[in-house]
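Chain order of the listed sequences is A and B. In this text, residue positions in the first sequence follow our numbering: the first is 39, and each later residue adds one. In this text, residue positions in the second sequence follow our numbering: the first is 3, and each later residue adds one. By construction, the Cβ of each residue, glycine as well, lies at the ideal position given by its N, Cα and C atoms.
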Amino acid sequence: FSTFLGTPKWRKTQLTYRIVNYTPDLPRDAVDSAIERALQIWEEVTPLTFSRMDEGEADIMISFAVREHGDFSPFDGPGKVLAHAYPPGQGIYGDAHFDDDEQWTKETAGTNLFLVAAHELGHSLGLFHSANTEAVMYPLYKSFTDLAQFRLSQDDVDGIQSLYGPPSASPDDPLVPTESAPLGPETPAMCDPALSFDAVSTLRGEVLFFKDRHFWRKSFRTHELEFHLISSFWPSLPSDMDAAYEVTSRDTVFIFKGNQFWGVRGGEVQAGYPRSIHTLGFPPTVKKIDAAISDKDKKKTYFFVEDKYWRFDEKRQSMEPGFPRQIAEDFPGVDTKIDAAFEAFGFFYFFSGSSQLEFDPNAKKVTHILKSNSWFNC
Amino acid sequence: AYPLDGAARGEDTSMDLVQQYLENYYNLPKDAKQFVRRKDSGPVVKKIREMQKFLGLEVTGKLDSNTLKVISKPRCGVPDVGH
Numbered sequence: 039f040s041t042f043l044g045t046p047k048w049r050k051t052q053l054t055y056r057i058v059n060y061t062p063d064l065p066r067d068a069v070d071s072a073i074e075r076a077l078q079i080w081e082e083v084t085p086l087t088f089s090r091m092d093e094g095e096a097d098i099m100i101s102f103a104v105r106e107h108g109d110f111s112p113f114d115g116p117g118k119v120l121a122h123a124y125p126p127g128q129g130i131y132g133d134a135h136f137d138d139d140e141q142w143t144k145e146t147a148g149t150n151l152f153l154v155a156a157h158e159l160g161h162s163l164g165l166f167h168s169a170n171t172e173a174v175m176y177p178l179y180k181s182f183t184d185l186a187q188f189r190l191s192q193d194d195v196d197g198i199q200s201l202y203g204p205p206s207a208s209p210d211d212p213l214v215p216t217e218s219a220p221l222g223p224e225t226p227a228m229c230d231p232a233l234s235f236d237a238v239s240t241l242r243g244e245v246l247f248f249k250d251r252h253f254w255r256k257s258f259r260t261h262e263l264e265f266h267l268i269s270s271f272w273p274s275l276p277s278d279m280d281a282a283y284e285v286t287s288r289d290t291v292f293i294f295k296g297n298q299f300w301g302v303r304g305g306e307v308q309a310g311y312p313r314s315i316h317t318l319g320f321p322p323t324v325k326k327i328d329a330a331i332s333d334k335d336k337k338k339t340y341f342f343v344e345d346k347y348w349r350f351d352e353k354r355q356s357m358e359p360g361f362p363r364q365i366a367e368d369f370p371g372v373d374t375k376i377d378a379a380f381e382a383f384g385f386f387y388f389f390s391g392s393s394q395l396e397f398d399p400n401a402k403k404v405t406h407i408l409k410s411n412s413w414f415n416c
Numbered sequence: 003a004y005p006l007d008g009a010a011r012g013e014d015t016s017m018d019l020v021q022q023y024l025e026n027y028y029n030l031p032k033d034a035k036q037f038v039r040r041k042d043s044g045p046v047v048k049k050i051r052e053m054q055k056f057l058g059l060e061v062t063g064k065l066d067s068n069t070l071k072v073i074s075k076p077r078c079g080v081p082d083v084g085h
């Protein structure tokens with residue numbers, strides 16, 4: 039993705055738009071809903087909200103025109119240039135113009151207004167063109183056989199969130215304040231020797247290291263390391279999470295924050311979540327968990343809370359009797375508060391601040407003490 | 003005999019099309035010289051390469067059929083490189 043020179047962006051999150059005139063190709067309500075939907079796809083992945091105005095000067099003025107239309111960028115008749123738009127700012131900036139010499143449609147034949155509006159409104163929000171052929175911001179028009187398949191690409195989400203950050207956690211949360219407040223903690227440096235993690239989990243042969251609003255994903259196969267916003271994969275998941283673990287037999291990663299947890303399969307948060315952690319069998323005194331590991335061989339999941347741990351039987355789907363027990367008794371050498379943990383190659387890896395303990399569950403001893411970010415080949 | 007100038011005229015049209023495209027979307031200066039001594043250098047060839055790379059085409063620096071097809075496709079009127 040790329041942004042305009044100087045990275046112009048809106049200095050507020052509540053934006054207004056106005057459909058100044060209509061194309062004769064479509065019923066007015068079809069134009070209204072195409073524009074609404076095109077704004078909604080950007081709204082879903084940012085803190086931005088859009089409200090409609092029917093008169094006066096809105097931030098984003100949307101209009102249809104042919105040939106010369108007052109901005110020194112005349113349209114060129116049917117085909118070739120379909121539309122153009124201007125980056126955020128006053129007056130003509132932020133506006134989107136559509137060439138009415140095109141045949142605008144709401145299906146896949148002709149030129150689909152929603153698809154072109156999704157692209158042009160990306161410009162109105164500050165995105166420039168992308169060289170990623172899958173991106174909405176790729177400059178050439180690309181129709182879809184099935185419009186229901188339409189999605190913002192990862193590139194589009196990363197681009198727009200580089201300008202505005204992820205959606206605020208929930209509609210009743212205070213809107214992201216103006217630019218004076220930081221969008222959230224700075225991006226963590228992967229080779230910072232003091233780096234610690236909120237949660238660590240395997241996922242289909244990769245390891246995910248969660249920190250604040252971001253996560254690193256490391257592939258055991260290719261050893262590649264990527265860095266992403268949590269919200270760019272799972273917009274509904276919280277940041278600053280407490281714990282995460284994978285139950286490979288269910289192809290599901292469970293994410294914990296406070297007294298809630300979510301089930302995630304690949305890129306999809308499963309229906310019916312979040313749930314209360316007390317549905318797993320924790321007593322009411324437990325308000326949150328610190329870390330968790332699921333042992334795929336023994337089909338047991340270990341939940342770590344301060345200096346104690348519980349064991350959950352994945353087959354019977356219930357917490358085992360006789361718990362909690364002292365961590366230090368059953369995991370000799372693991373005697374500090376645990377931030378995160380995961381299981382790999384038959385070892386348990388416990389993270390505490392910037393240190394990481396490799397624990398052999400069969401020998402029942404710590405076999406290595408490492409830096410937490412030892413997996414990043416710093 | 004096939005009128006040679008016809009071929010030349012065809013090539014001219016394509017070259018004009020590309021020149022226009024590069025001026026509109028790739029910051030090619032309006033008076034860029036189309037032909038230079040070495041066929042594989044000069045501002046227009048460089049810009050053709052830049053355009054081919056950005057749009058995900060094979061970077062040949064030449065007006066191959068793929069490139070000509072792409073520049074006639076409907077698109078957004080905003081440039082592809084910083085204006």
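Runs of alpha helix (DSSP H) with 4 or more residues, each lying fully within the segment 216-286 of chain A, are found at 268-271, listed in chain order. In this model, A:GLY391 and A:GLN192 are separated by some 31 Å (Cα to Cα). When the beta-carbon positions are compared, A:GLY197 and A:SER168 come within less than 8 Å of each other.
For the C-beta of B:ARG77, the chain A residues within less than 8 Å are, from N- to C-terminus, LYS118, VAL119, LEU120, PRO177, LEU178, TYR179. Per DSSP, A:ARG75 is one residue of the alpha helix (DSSP H) stretching across 66-81. Put simply, of A:TYR179, A:ASP97, A:VAL285 the residue whose alpha carbon is nearest the alpha carbon of A:ASP133 is A:ASP97. Using a CB distance cut-off of 8 Å, B:LEU70 does not count as an interface residue toward chain A. Under the 8 Å criterion on CB atoms, B:ASP18 is classed as non-interfacial with respect to chain A. One alpha carbon belongs to A:HIS135, the other to B:PRO76, and they sit about 15 Å apart. Between A:SER89 and A:ASN59, the C-beta spacing is not below 8 Å.
The beta carbon of A:LEU163 sits no closer than 8 Å to any beta carbon of chain B. Cα atoms of A:ASP351 and A:LEU190: separation of roughly 39 Å, rounded to the nearest angstrom. Between the beta-carbon of A:LYS47 and that of A:TYR202 there is about 7 Å, and that keeps the pair under the 8 Å contact cut. Looking at A:ASP328, A:THR290, A:PHE182, A:PHE299, the one whose alpha-carbon comes closest to that of A:ALA237 is A:ASP328.
Exclusion of the five residues before and after A:ASN400 leaves GLY384 as the residues of its chain whose Cβ lies within less than 8 Å of its Cβ.
Taking one beta carbon from each stretch, the segment 369-386 of chain A and the segment 317-327 of chain A have fewer than 3 pairs nearer than 8 Å; the two do not touch. Sequence-distant Cβ neighbours of A:SER412 in its own chain, meaning closer than 7 Å and more than five residues away, are GLN394. Note on geometry: alpha-carbon atoms of B:ASN29 and B:GLN21 lie some 10 Å from one another.
Taking 8 Å as the cut-off, the Cβ atoms of A:ARG303 and A:THR290 count as close. Beta bridge pairing from DSSP links A:VAL104 with no other residue. Sixteen is the threshold: since fewer than 16 other Cβ atoms of the shown chains lie within 10 Å of the Cβ of A:PRO231, the residue is exposed.
For A:SER111, the C-beta contacts it makes with chain B under 8 Å involve GLY79, in order along the chain. The beta carbons of A:PRO226 and A:HIS266 sit no closer together than 8 Å.
For A:GLY301, the enclosing beta strand (DSSP E) covers residues 298-303. With contacts defined by Cβ atoms closer than 8 Å, A:MET279 and A:LYS256 do not form a contacting pair. Across the segment 54-65 of chain B, CB contacts with chain A closer than 8 Å involve LYS55, PHE56, LEU57, GLY58, in sequence order along the chain.
When the five nearest sequence neighbours on each side are left out, the beta carbons in the same chain lying within less than 7 Å of the beta carbon of B:VAL47 are those of GLY63, in order along the chain.
Going by beta carbons, A:THR51 and B:GLY58 fall outside the 8 Å limit.
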